[in-house]
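Top line first, the protein sequences correspond to chains W and X. Sequential numbering of the first sequence, starting at 149, is according to the numbering used here. Sequential numbering of the second sequence, starting at 1012, is according to the numbering used here. Positions of the beta carbon are idealized from the N, C-alpha and C atoms, including for glycine. No experiment lies behind these values; they were computed from the predicted model shown.
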Amino acid sequence: MNAFRLAGDMTHLLSIILLLHKIRAMKSCAGISLRTQELYVIVFVTRYVDLSMKYYSFYNSIMKIVFLGTSISIVWYMRYHKVVKQTYNKDVDTFRHIFLILPCFVLALLINRAFTVIEVLWTFSLYLEAVAILPQLVLLQRSRNIDNLTGNYVFLLGAYRAFYLLNWIYRFFIENHQVRWIPWLSGLLQTAIYADFFYYYIKSWKNREKLKLPA
Amino acid sequence: EESSSFKDEL
């Protein structure tokens, strides 16, 4: 474990807690894409299939359980909670996430480290995570005003993978010089997708104005 | 082995 990875995990955890807090405290999920949240559940389920089989550390296991639990409960709130589900606007959250799931799955079958169930699912989860934010970013572009919590949520979500990129650089030079193209390139693409959001987020923060993404 | 040693990440 290194400081970059810990910072990344804490940023990721904070983003999820922020979202869960918004949903529970405001009883609203306005501006949040259910499609993206469902993709994250798929990402965590397919990545943590080895949760019951392999034990790395208490930290690793507890964080996997927390990520699984929180992401599933966010989808539950948005789909089934009698008050919250009224605030979900499915007419604007129209991104067909099957167009992300299928290509990522096919790609994981073609490009992976080993053609085993665990390895293909793990690879699929990395590819899917890289593009999972797209429905949310499309939704933000359609939203006239983005509330601060949602903006902060997306910012932290993008920042976490940027910390992971630093963690991978650290691990490569300091630890074991092993090349791992799949996580590296997926993580790079994931962070790149946030680039224009980061630009507008920081601009709105500096100018103290409302966050607005160009349509 | 590469893939297993890197599965310690979240």
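- Task: Return the Cβ separation of W/Thr235 and W/Ala178 in integer angstroms, given the expectation that the two are a contact with Cβ distance under 8 Å.
- Result: Right, the Cβ-Cβ distance comes to about 5 Å (below 8 Å), so this counts as a contact.
- Spatially closest choice to W/Ala280 from W/Leu161, W/Gly156, W/Thr184, by CA coordinates: Ranking W/Leu161, W/Gly156, W/Thr184 by Cα distance to W/Ala280 puts W/Thr184 first.
- To the nearest angstrom, report how far apart W/Asn352 and W/Leu333 are at their CA atoms. Asn is not the amino acid found at residue 352 of chain W; the sequence shown has Ser there. Between W/Ser352 and W/Leu333, the C-alpha separation is close to 29 Å.
- Task: Using only alpha-carbon positions, find the residue among W/Val193, W/Ser200, W/Met149, W/Arg227 that is nearest to W/Ser176.
- Result: Checking every option, the nearest Cα to that of W/Ser176 belongs to W/Arg227.
- Use the C-beta contact count for W/Tyr203: other C-beta atoms within 10 angstroms, 16 or more gives buried, fewer gives exposed. By the 16-neighbour rule on beta-carbons within 10 angstroms, W/Tyr203 is exposed.
- Message: Below 8 Å on the Cβ atoms is my contact criterion, and I expect W/His245 with W/Glu186 to pass it. Report the Cβ-Cβ distance as a whole number of Å.
- Response: Confirmed, about 7 Å.
- Task: Classify W/His325 as helix, strand or coil using the three-state DSSP reduction.
- Result: Judged by DSSP in its simplified three-state form, W/His325 adopts coil rather than helix or strand.
- Message: If you measure between the beta carbons of W/Leu162 and W/Leu304, is that distance less than 7 Å?
- Response: W/Leu162 places its beta carbon less than 7 Å from that of W/Leu304.
- Query: Mind checking if W/Tyr203 is an interface residue toward chain X, Cβ cutoff 7 Å exclusive?
  - Reply: No, W/Tyr203 does not count as interfacial toward chain X.
- Distance, W/Tyr196 Cα to W/Ile266 Cα: Cα to Cα, the separation comes out at about 9 Å.
- Query: What does W/Arg153 reach in chain X if we use C-beta pairs closer than 8 Å?
  - Reply: Listed along chain X, the residues sitting closer than 8 Å to W/Arg153 by beta-carbon distance are Glu1020.
- Task: Assuming W/Val189 contacts W/Ser219 (C-beta within less than 8 Å), just tell me the rounded distance between them.
- Result: Contact between W/Val189 and W/Ser219 holds: their C-beta atoms lie close to 5 Å from each other, under 8 Å.
- Item | X/Glu1013 classed as buried or exposed, judged by whether at least 16 other C-beta atoms fall within 10 angstroms | Note that X/Glu1013 scores 45 on pLDDT, short of 50, meaning its location in the model is unreliable and no value can be drawn from it.
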